[in-house]
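Report on the structure given below.
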Amino acid sequence: MEDSEDQPMNENALCPGLGDYLIAQARNNHWSNHRLHSACLRLPASEYYANRPSFFGSIHIHLDHIVFVDWLYLERLTGEQYLPADVGDELHNELAPLVEDQVTADRALIEYCDAATPETLASEVSFKLLDGTQYTEAVWSVLAHLFTHQIHHRGQVHDMLSATSVAPPQLDEFFLSSDLPLREAELKALNLPIE
0 MEDSEDQPMN
10 ENALCPGLGD
20 YLIAQARNNH
30 WSNHRLHSAC
40 LRLPASEYYA
50 NRPSFFGSIH
60 IHLDHIVFVD
70 WLYLERLTGE
80 QYLPADVGDE
90 LHNELAPLVE
100 DQVTADRALI
110 EYCDAATPET
120 LASEVSFKLL
130 DGTQYTEAVW
140 SVLAHLFTHQ
150 IHHRGQVHDM
160 LSATSVAPPQ
170 LDEFFLSSDL
180 PLREAELKAL
190 NLPIE
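The sequence shown begins at 0 in numbering that gives the first Met the number 0 and counts up one residue at a time.
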């Protein structure tokens, strides 16, 4: 395919690469968490902490699990320690500090993806699971797993919100240009590119 000046067209202009996709996923993650947390902040404590038929029992424990795992995988990817050494079953017991921590983790993940080169994404990282099992995985695969993990548990929280006094937010208005008016104000507030 040639452009109007008979120069070869950059194929990446037609289809962004893996790095671009992962950056977009990291930004989507931040935006989705913002929407979900905004809904949860409107819940009465009795509904937010209520035990529900779900994977972890309550909305709070699901959100706490998401931020915990985000930091855990950022530790594995960067070699930095983010989690307290003595962390127990719960990282946060209240929503406000959890939201602040999630925003920090989201920004760290965006920065990591922004800085990742193709060589970084193709490289391998070794880590132990919480049960002590040793694994070696490609960095891109770890990031893909992390994004899937976030989507999985946000979906569970979204479902639990359906049984509360606060309607669950729309979480699939991030990628399409036709949805830009629905997300633009939040993108500005989060200091994310308006695209």
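Ideal Cβ positions, reconstructed from N, Cα and C, are used throughout, including at glycine.
Quick caveat: nothing in here was measured; it's all calculated off a predicted structure.
Annotation: the continuous alpha helix (DSSP H) that includes S140 extends over V138 to L160. Within its own chain, no residue has a Cβ closer than 8 angstroms to the Cβ of P96 once the five positions on either side in sequence are excluded. Taking 8 angstroms as the cut-off, the beta carbon of V68 is found closer than this to the beta carbon of H148. Around the beta carbon of Q80, fewer than 16 other beta carbons lie within 10 angstroms, which makes this residue exposed. By the Cβ neighbour-count rule, D171 is exposed, with fewer than 16 other Cβ atoms within 10 Å of its own. In the DSSP assignment, F67 falls within the unbroken alpha helix (DSSP H) covering I58 to T77. Listed as beta-bridge partners of Y134 by DSSP are F126. Exposed is the label assigned to F54, since fewer than 16 other Cβ atoms lie within 10 Å of its Cβ. Taken in chain order, the unbroken stretches of alpha helix (DSSP H) that lie wholly in the stretch 11-51 and span 4 residues or more are 17-39 and 44-47. Around the beta carbon of Y134, a 10 Å sphere encloses fewer than 16 other beta carbons of the protein chains shown; the residue is thus reported as exposed.
Comparing alpha-carbon positions, the option among Q155, S125, H151 and L71 lying closest to G56 turns out to be Q155. For E118, the enclosing alpha helix (DSSP H) covers residues P117 to A121.
Excluding five sequence positions before and after L82, the CB atoms of its chain that fall closer than 6 angstroms to its own CB belong to W70, given in chain order. L62 and H152 have their C-alpha atoms spaced approximately 8 angstroms apart. Between A104 and L73, the C-beta gap is smaller than 8 angstroms, which places the two residues in contact. Annotated three-state conformation of L191 is coil, per DSSP. Separation of R75 and C112 (C-alpha to C-alpha, rounded to the nearest whole angstrom) is 14 angstroms. In its chain, beyond the 5 residues on either side, S57 have a beta carbon closer than 7 angstroms to the beta carbon of A49.
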